[in-house]
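Quick note, the sequences are listed as chains A and B, same order.
Heads up: the first sequence begins at -15 in the numbering used here, then just goes up one per residue.
Heads up: the second sequence begins at -15 in the numbering used here, then just goes up one per residue.
Have a look at the structure below before the remarks.
Protein chains: 2
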Amino acid sequence: MALYVHKYGGTSVGSIERIEGVAQKIKHFKEDGHDVVVAVSAMSGETNRLIGLAKEITDTPSAREMDVLVSTGEQVTIALLSMALEKIGVPAKSYTGSQIRMLTDSAFGKARIEHIDTDSIRSDLDEGKVVVVAGFQGVDAQGNITTLGRGGSDTTGVALAAALKADECQIYTDVDGVYTTDPRVVEKARRMEKITFEEMLEMASLGSKVLQIRSVEFAGKYQVPLRVLHSSKEGNGTLITIEDDNAVEKPVISGIAFNRDEAKLTVMGVPDIPGVASKILGPVGAANIEVDMIVQNVAADRTTDFTFTVHRNDFAKAQGVLNEVAQELGAREVAATDDIAKVSLVGVGMRSHAGVASKMFEILANENINIQIISTSEIKISVVIEEKYLELAVRALHTGFDLDDEK
Amino acid sequence: MALYVHKYGGTSVGSIERIEGVAQKIKHFKEDGHDVVVAVSAMSGETNRLIGLAKEITDTPSAREMDVLVSTGEQVTIALLSMALEKIGVPAKSYTGSQIRMLTDSAFGKARIEHIDTDSIRSDLDEGKVVVVAGFQGVDAQGNITTLGRGGSDTTGVALAAALKADECQIYTDVDGVYTTDPRVVEKARRMEKITFEEMLEMASLGSKVLQIRSVEFAGKYQVPLRVLHSSKEGNGTLITIEDDNAVEKPVISGIAFNRDEAKLTVMGVPDIPGVASKILGPVGAANIEVDMIVQNVAADRTTDFTFTVHRNDFAKAQGVLNEVAQELGAREVAATDDIAKVSLVGVGMRSHAGVASKMFEILANENINIQIISTSEIKISVVIEEKYLELAVRALHTGFDLDDEK
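The structure is reproduced here in structure tokens:
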């Protein structure tokens, strides 16, 4: 007998029919003798409907009231799912974030979980009940309703699993697992049976939007085995867990992530003197623009080219900031384009295998794809290329690193 | 400076536009230097939408989960109204029933308020804030969400006014006050400036559906002055308050209530022996049928006719029960009809004025309206007549007792 925490997202509970399907799934676990605690999101569309109501009033609603408003979405789902469970003979009890004492700080809209009381959950489980908890929401020490931010229901699931020391936290979604890359781009993309927390973090932050990053960090920190599964299809999904040191052979590369969300800016011909990087990035940071990759080329003529990437949403703003800075620094010019894409190889196996980078560059060169920026971390190599080559690059790398599904 | 509790029903907060109108109304009170605590209902249609979702799952949802579900309706409104207030520069803070500690018993769906913590409300008011409370909902001692039953937001408003010793509880509705009778039936019906709690109770229970009966009882018990007002029109509405003993002249009749909700059943020719009434009504009560009026005619031939009225919804059920009982008692027959209406004169003035009943009967006789049943209480006289005469009877009585608006 195991204790599972299930998390069902908005699409999985998007209609009464689906809620009843979820209830059936949970019933199977109970019939197999397991205990189940469930975290649920709002029915799909509901959160946006509520936000829409607030927007009709003001673009700058109080963050506290916003949380009071949107937290009703999950509250509706917990009641409906509990009813659906009881209807098919599974005793259930619902809890709002406040009722379960999902204690958070007071950062409305992006609160962080500080503590979960598990006493009432334990006693409900002892009575044979399924415990249904509203995801995404908590309560601060003063009793104010808080929310964890978009996608926070994943975090609720993982936090419950950690607090209860559950055997597994199962995240039910509309995909049947984590793939080696986006199957829409590479037909032969393969579902991974297993991936490490670190790899998943790199995959998630690079655009595989299966799980909220924070929930993966959380799961890694508390070593909660996390499984991504399809909410209506059968299958094992993908298990996200700690690295298995005993594995005889690890694949060098686990997956390929990519995104089109970035834009590239280069300040050309800046004096190559100490402190110039901070003089450029200081004002960018002050304007609340987050910078992803940073590269500074070695200079020959006592000037240098300084390049970085930002999210496309910040592209225009960053250009404005940079034009000013360039003038102050006496730089030659600012070159900027959002016609780029980032492709990243991810894999813990990379640590012990030399030559991954050179193989990557070789594969891209064979396709005549020019690399604009390179950036590496312990388990990741990222390159920026011209956007039009993105699909070609991903497919070539997927094949080149033996990731293709040979079925 | 006074402390007002406002209550706005579902229609008054039925759209963002109306919520913004409510915010403006509250702002005027603040500008006049008053403190305001507001109880609000769910936006019109929302509670039914939520109940509809539950019905899609089961006809017998758990009462606890039903309360978790429907209480979200008011939670949405408190957030939106607080946002609307803050937008126009009025500091506001929302509270769910749980947050304000509207402590109730655990009778889900029809909970009774036991206690209200007023500390946080007081301190918010001291800070110049408008306090916005979710109507209709509370929390039991175990932290479960409860609801007070349909129309319970009125009760929330009155309970807050009582706990805070507010100067007045103002119930904003879609009517501009309590009328001497239904203006749709009698064109010359007059808005009453003032009515006593007792009269209002008789009016409400007899079909003037302006206020929930429980809220009037509650207001009477704690002597909270209650005012019914239109939420978008100007006007004084109707003040419901304790009897003013100093009033030089009280009207004999305050208003005329009526309803078409009842059906009449008569067991004819029952042996006129002690205990027969309970032998008839016992099984009716056992079948969970509520009885309104009861009349037993004096008998000449050692048998008697026993008549009572029930709600039309229970008519068929009551007939079934009665047919069995009649057989057992050896009664002659059961006569039953729902072709009736009840008309009631209400007025505290009735206590000290003889002849109200005879005047009533005379007016009806002049119109050739036959009276089937008569029943009286200290401040009410009710008659049952054939349904088709209802409008005629009400108009004639309204004129006869000088209630017509002479404008």
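Glycine residues also receive a C-beta, built at the ideal position from the N, C-alpha and C atoms.
Source: prediction; values computed, not measured.
Taking 8 angstroms as the cut-off, does the stretch 81 to 101 of chain B touch the stretch 133 to 143 of chain B (at least 3 CB pairs, one atom from each stretch)? Contact holds: three or more Cβ-Cβ distances are below 8 angstroms.
Residues of chain A with CB closer than 7 angstroms to the CB of residue 59/B, please, in chain order. Near residue 59/B (Cβ distances below 7 angstroms), the residues of chain A are 52, 56.
For chain A, is any of its Cβ atoms less than 8 angstroms away from the one on residue 67/B? Look at residue 67/B: its C-beta is under 8 angstroms from a C-beta on chain A.
Alpha helix (DSSP H) segment containing residue 66/B, residue limits: Going by DSSP, residue 66/B is part of the alpha helix (DSSP H) stretching over 47 to 71.
Between the stretch 15 to 42 of chain A and chain B, which residues of the former have a C-beta closer than 8 angstroms to a C-beta of the latter? Correct list: 34, 37, 38, 40, 41, 42.
Inter-residue spacing [alpha-carbon to alpha-carbon] between residue 90/B and residue 104/A: Taking the straight line joining both Cα atoms gives about 18 angstroms.
So the alpha helix (DSSP H) residue 267/A belongs to, where does it begin and stop? Its alpha helix (DSSP H) spans residues 260 to 270.
Which residues of the stretch 125 to 151 of chain B have a Cβ closer than 7 angstroms to any Cβ of chain A? Give them in chain order. Result list: 127.
Given that a residue counts as buried once 16 or more other Cβ atoms are within 10 Å of its Cβ, and exposed if not, what is residue 77/B? With 16 or more Cβ atoms within 10 Å of its Cβ, residue 77/B is classed as buried.
How many angstroms separate the CA atom of residue 71/A from the CA atom of residue 42/B? Their Cα atoms are separated by approximately 7 angstroms.
So, helix, strand or coil for residue 108/A, using DSSP? For residue 108/A, the secondary structure class from DSSP, reduced to helix, strand or coil, is helix.
According to the neighbour-count rule (16 or more other Cβ atoms, all chains shown, within 10 Å of its Cβ), is residue 262/A buried or exposed? Exposure of residue 262/A is indicated by the presence of fewer than 16 other C-beta atoms within 10 angstroms of its C-beta.
Using the rule of at least 16 other Cβ atoms within 10 Å of the residue's Cβ for burial, across every protein chain shown, is residue 215/A buried or exposed? With at least 16 other beta carbons inside 10 angstroms of its own, residue 215/A counts as buried.
According to DSSP, which residues form a beta bridge with residue 156/A? In DSSP, residue 156/A forms a bridge with -8/A, 213/A.
Taking all protein chains shown into account, do 16 or more other C-beta atoms lie within 10 angstroms of the C-beta of residue 183/B, making it buried, or fewer, making it exposed? With 16 or more other Cβ atoms within 10 Å, it is buried.
For residue 8/B, which three-state DSSP category applies? Correct three-state label for residue 8/B: helix.
For a contact meaning CB atoms closer than 7 angstroms, what does residue 82/B contact in chain A? Within 7 angstroms Cβ-Cβ: 82.
Which residue from 379/A, 362/A, 331/A puts its Cα closest to that of residue 350/A? The option with the nearest alpha carbon to residue 350/A is 379/A.
Residue 382/B in three-state terms, based on DSSP: Helix at residue 382/B.
Anything in chain B within Cβ reach of residue 4/A, meaning under 8 angstroms, just list it in chain order. The answer, in chain order, is 41.
What span of residues does the beta strand (DSSP E) with residue 407/A cover, start to end? Shown here, chain A extends from -15 to 391; a query on residue 407/A therefore has no answer.
Going by beta-carbon coordinates alone, are residue 364/A and residue 328/A separated by less than 8 angstroms? Going by C-beta atoms, residue 364/A is nearer than 8 angstroms to residue 328/A.
Applying the 10 Å Cβ sphere with the 16-neighbour rule, what's the burial state of residue 243/A? Label assigned to residue 243/A: buried.
List the residues of chain B that residue 71/A touches, going by C-beta distances under 7 angstroms, in chain order. Residues of chain B with a Cβ closer than 7 angstroms to the Cβ of residue 71/A are, in chain order, 41, 42.
At a CB-CB cut-off below 7 angstroms, which residues of chain A make contact with residue 49/B? By Cβ distance, chain A contributes 63, 66, 67, 78.
Option nearest residue -2/B by Cα separation, candidates 19/B, 29/B, 131/B: Residue 29/B holds the alpha-carbon nearest to the alpha-carbon of residue -2/B among 19/B, 29/B, 131/B.
Hey, residue 169/A and residue 370/A: beta-carbon distance below 8 angstroms or not? Cβ distance not < 8 angstroms, so residue 169/A and residue 370/A don't count as in contact.
Segment limits, alpha helix (DSSP H) that includes residue 320/A: Counting along the chain, residue 320/A falls outside any alpha helix (DSSP H), though it belongs to the beta strand (DSSP E) covering 317 to 321.
If you draw a straight line from the C-alpha of residue 163/A to the C-alpha of residue 138/A, how long is it? Roughly 19 angstroms separates the two Cα atoms.
Rounded to whole angstroms, what's the CA-CA distance from residue 202/A to residue 181/A? Just pull it up for me. Residue 202/A and residue 181/A have their C-alpha atoms roughly 10 angstroms apart.
Three-pair Cβ contact test at 8 angstroms for the stretch 42 to 62 of chain B versus the stretch -6 to 8 of chain A: Fewer than three pairs of CB atoms, one per stretch, sit closer than 8 angstroms, so the stretch 42 to 62 of chain B makes no contact with the stretch -6 to 8 of chain A.
Could you check how far apart the C-beta atoms of residue 55/B and residue 131/B are, in whole angstroms? I think they sit under 8 angstroms. Correct: roughly 6 angstroms between the Cβ atoms.
Answer yes or no: do residue 16/B and residue -13/B have a C-beta to C-beta separation smaller than 8 angstroms? Taking 8 angstroms as the Cβ cut-off, residue 16/B and residue -13/B do not qualify as a contacting pair.
In three-state DSSP terms, what is residue 297/B? Residue 297/B carries a helical assignment under DSSP once its states are collapsed to helix, strand and coil.
Segment contact flag, the stretch 280 to 297 of chain A with the stretch 314 to 328 of chain A, C-beta cutoff 8 angstroms, min 3 pairs: The stretch 280 to 297 of chain A, when compared against the stretch 314 to 328 of chain A, does touch it at the 8 angstroms Cβ threshold.
Which chain B residues are close to residue 0/A, counting only those with a beta carbon under 8 angstroms from its beta carbon? Here the neighbours are 37, 40, 41.
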